[in-house]
Ligand code: AQP
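In the UniProt record's numbering, the protein residues as written are 12 to 345.
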C-alpha cells in the first residue's frame with residue numbers, strides 16, 4: 012500500500028526552496044488520498060546547535076507552515092519527530108546496519124561540516140541514518156523531497172535492503188521512492204545560479220523567506236543576479252544561463268505551470284519586464300500562507316493541539332513496527 016512521508020527541519024526560517032520543493036508538494040499529495048505523514052524534524056535540527064529556548068517555537072513555526080500551506084490534520088498526520096521515541100530507537104538499530112563507507116560518501120555532510128569535520132557533531136554525520144529511520148518506521152513508499160535529498164533517499168534504500176537481507180526478512184521494509192517532481196526541485200540562490208537556495212547562505216538577498224513582506228520580496232527579485240539577454244523561446248535556450256533558468260523555474264512552479272508555458276509568454280522580453288511580474292507572483296502566491304502562519308503563531312494553542320493529536324496517531328503506527336523490529340533483531344522480549 013502507498014504511504015507518503017516527509018519532513019522539514021525545525022531549524023528556523025523557511026525559504027522559497029523549502030516552499031516549492033517540499034511544502035507545496037505535500038499539500039498536492041494530500042489530495043491523492045494516500046496516507047500522508049508529515050513531521051517536524053526537531054531531532055535532525057539539533058545536529059547543529061539550536062538555542063533550547065527557541066527550539067519549541069521553531070517546531071511550532073514549521074507546523075504552522077504545514078497548516079498554513081493547506082495540510083489538514085484530519086487528512087495528514089502532522090507531528091514532532093521527538094514526540095515519537097521509536098525514531099531514535101530505530102535509528103540506533105540502523106546505525107548498526109548502515110556502513111561507514113556509505114556515510115562517507117554523503118555530500119551533505121561534507122558541505123555542512125566544511126573545513127571543521129572534527130568539530131561537527133556525531134549526529135550530523137549519522138543524520139541520514141535517522142532519516143532512514145523516520146521513513147522506514149512508517150514503511151513509507153514515497154518520499155517527496157527536493158533534489159538535494161536524493162542521495163539520502165538512496166541510503167535509506169540501501170539500509171532497508173541490508174536490513175531485509177541480514178535478518179532474513181525479505182520485503183519487510185519497502186524500498187521507498189523519492190518523489191522529486193515539478194519545475195522547482197532545486198531552487199537556486201538569487202545571487203548565484205550555481206548554489207542551492209539555502210537558509211545557511213550568509214546573504215539574505217540570496218533567498219526569499221516565507222516571512223518576507225512584499226517589499227522585501229520585490230527588492231530581492233529586483234536585485235537577483237541575471238544576464239543581459241532577453242528570455243529565450245525554448246527551455247534549451249536557458250542552458251548555460253543558470254540564473255535565467257532559475258527565475259523561469261521559480262515562476263513556473265509558483266504559477267503551477269511549465270517552463271515552456273512561461274517562455275511562451277515572456278520570450279523576447281528582458282529581465283526589466285520579467286522581474287516585476289515574478290515579484291508580483293511570488294507575493295500573491297505566498298501572501299496567504301504567510302498571513303495564516305502569522306495568525307497561527309499568534310496563539311499556538313491550535314498548533315499544539317494538532318501536533319499532540321498527530322503525535323498520538325504517529326505513535327499508533329510506529330509502536331507496533333518498532334516492537335516487531337526489536338523482535339527481529341533478537342532483543343530480549345521478557
Ligand atoms: N533550494 C531548494 N530547492 C528545492 N527544495 C529544497 N529543499 C531545501 N532547499 C531546497 C527541500 O526542503 C525540504 C526541507 O529541507 P530540510 O529540512 O532538510 O531543510 P534544509 O535542507 O535544512 O534547508 P536548507 O535551506 O537547505 O538548509 P541548509 O542551509 O542547512 O542546507 C527538503 O525536502 C529539501 O529537499
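Glycine included, every Cβ here is placed at the ideal spot set by N, Cα and C.
Legend entry - C-alpha gap between residue 307 and residue 199, whole angstroms: Here the question's residue 307 lines up with position 296 in the chain shown. Here the question's residue 199 lines up with position 188 in the chain shown. A straight line joining the alpha-carbon of residue 307 with that of residue 199 spans about 29 Å.
Inset, instruction - Kindly examine ligand 1 and report whether one of its heavy atoms sits closer than 6 Å to the Cβ of residue 121. - result: By one-based count along the chain shown, residue 121 stands at place 110. For ligand 1, not one heavy atom lies less than 6 Å from the Cβ of residue 121.
Legend entry - Three-state class that DSSP yields for residue 278 in the structure shown: As a first step, residue 278 must be located in the chain shown, where it is residue number 267. Secondary structure of residue 278 (DSSP, three-state): coil.
Legend entry - residue 160 beta carbon near ligand 1 (any heavy atom closer than 6 Å): Working through the chain shown from its first residue, we reach residue 160 at position 149. Checking the Cβ of residue 160 against ligand 1 gives yes.
Legend entry - Cβ pair count under 8 Å reaching 3, the region 284 to 292 against the region 56 to 66: They do not touch, by the three-pair rule.
Inset, instruction - Pick helix, strand or coil for residue 190, following the three-state DSSP scheme. - result: One-based indexing of the chain shown puts residue 190 at position 179. Of the three classes helix, strand and coil, the one that applies to residue 190 here is strand, per DSSP.
Inset, instruction - Compute the minimum distance between the beta carbon of residue 57 and the heavy atoms of ligand 3, and state whether it is under 6 Å. - result: This structure does not include ligand 3; its bound ligands are ligand 1.
Inset, instruction - Ignoring anything shorter than 4 residues or poking outside the region 96 to 145, list the alpha helix (DSSP H) runs there in chain order. - result: Runs found: 97 to 106, 111 to 115 and 118 to 124.
Inset, instruction - Verify whether the separation of the beta carbon atoms of residue 24 and residue 220 is less than 7 Å. - result: Counting from 1 along the chain shown, the entry for residue 24 is found at position 13. Counting from 1 along the chain shown, the entry for residue 220 is found at position 209. In this structure, residue 24 lies near residue 220, with their beta-carbon atoms less than 7 Å apart.
Legend entry - Runs of alpha helix (DSSP H) wholly within the region 235 to 288 (minimum 4 residues, chain order): If we require 4 residues or more, the alpha helix (DSSP H) runs fully inside the region 235 to 288 come out as 253 to 265 and 270 to 277.
Inset, instruction - Assess, as a yes-or-no matter, whether the region 178 to 191 is touched by the region 331 to 345 under the definition of 3 or more beta carbon pairs within less than 8 Å. - result: Under the Cβ criterion (8 Å, minimum of three pairs), the region 331 to 345 counts as touching the region 178 to 191.
Legend entry - DSSP three-state assignment for residue 61, whether helix, strand or coil: Here residue 61 is taken as the residue at index 50 of the chain shown, counted from 1. Residue 61 falls in the coil class under three-state DSSP.
Inset, instruction - Use the C-beta contact count for residue 237: other C-beta atoms within 10 angstroms, 16 or more gives buried, fewer gives exposed. - result: On the chain shown, position 226 is the one that residue 237 refers to. With 16 or more other Cβ atoms from the protein chains shown falling within 10 Å of its own Cβ, residue 237 counts as buried.
Legend entry - Where the alpha helix (DSSP H) through residue 313 begins and ends: Locating residue 313 in the chain shown gives position 302, counting from the first residue. Where residue 313 is concerned, the enclosing alpha helix (DSSP H) stretches over 312 to 340.
Inset, instruction - Would you mind sorting residue 331 into buried or exposed? The rule is 16 or more other CB atoms within 10 Å of its CB. - result: Taking the chain shown and counting its residues from 1, the one referred to as residue 331 is at position 320. Label assigned to residue 331: exposed.
Inset, instruction - Only counting runs of 3 or more residues, tell me where the beta strand (DSSP E) segments fall wholly within the region 162 to 223, in order along the chain. - result: Complete beta strand (DSSP E) runs here, min 3: 188 to 190.
Inset, instruction - Look at the alpha carbon of residue 216 and the alpha carbon of residue 336, and state the distance between them as a whole number of angstroms. - result: The residue you call residue 216 lines up with position 205 of the chain shown. The residue you call residue 336 lines up with position 325 of the chain shown. Approximately 47 Å, taken between the alpha carbons.
Inset, instruction - Alpha carbon to alpha carbon, how far is residue 107 from residue 171? Give it in angstroms, no decimals. - result: The residue you call residue 171 lines up with position 160 of the chain shown. The residue you call residue 107 lines up with position 96 of the chain shown. In this structure, the straight-line span from the alpha carbon of residue 171 to that of residue 107 is close to 12 Å.
Inset, instruction - Could you spell out where the beta strand (DSSP E) holding residue 20 opens and where it closes? - result: If you number the chain shown from 1, residue 20 lands on position 9. Following the DSSP letters along the chain, one finds residue 20 inside the beta strand (DSSP E) bounded by residues 15 to 20.
Inset, instruction - Report yes or no: do three or more beta-carbon pairs, one from the region 37 to 56 and one from the region 12 to 21, lie closer than 8 Å? - result: Judged by pairs of C-beta atoms under 8 Å, the region 37 to 56 touches the region 12 to 21, as three or more such pairs exist.
Inset, instruction - Using the Cα positions of residue 149 and residue 270, report the straight-line distance between them to the nearest angstrom. - result: In the chain shown, the residue the question calls residue 149 occupies position 138. In the chain shown, the residue the question calls residue 270 occupies position 259. Residue 149 and residue 270: Cα-Cα distance of roughly 35 Å.
Legend entry - Where residue 318 falls, given that 16 or more other Cβ within 10 Å makes a residue buried: Sequence index remark: in the chain shown, residue 318 carries index 307 (1-based). The residue is buried, with at least 16 neighbouring Cβ atoms inside 10 Å.
Legend entry - CB-CB length for residue 90 against residue 147, believed under 8 Å: The residue given as residue 90 occupies position 79 in the chain shown. The residue given as residue 147 occupies position 136 in the chain shown. Rounded, the Cβ-Cβ distance is 16 Å, inconsistent with contact.
Legend entry - residue 145, buried or exposed, once every other Cβ within 10 Å from all chains shown has been counted against 16: In the chain shown, counting from the first residue as 1, residue 145 sits at position 134. Its Cβ being crowded by 16 or more others within 10 Å, residue 145 is buried.
Inset, instruction - Pick out whichever of 18, 35 and 22 has its Cα sitting closest to the Cα of residue 192. - result: Position 181 of the chain shown holds residue 192. For the residues 18, 35 and 22, the minimum Cα distance to residue 192 belongs to 35.
Legend entry - Beta-bridge partners of residue 50, as assigned by DSSP: Counting from one through the chain shown, the residue named residue 50 turns up at place 39. Partner(s): 18 and 90.
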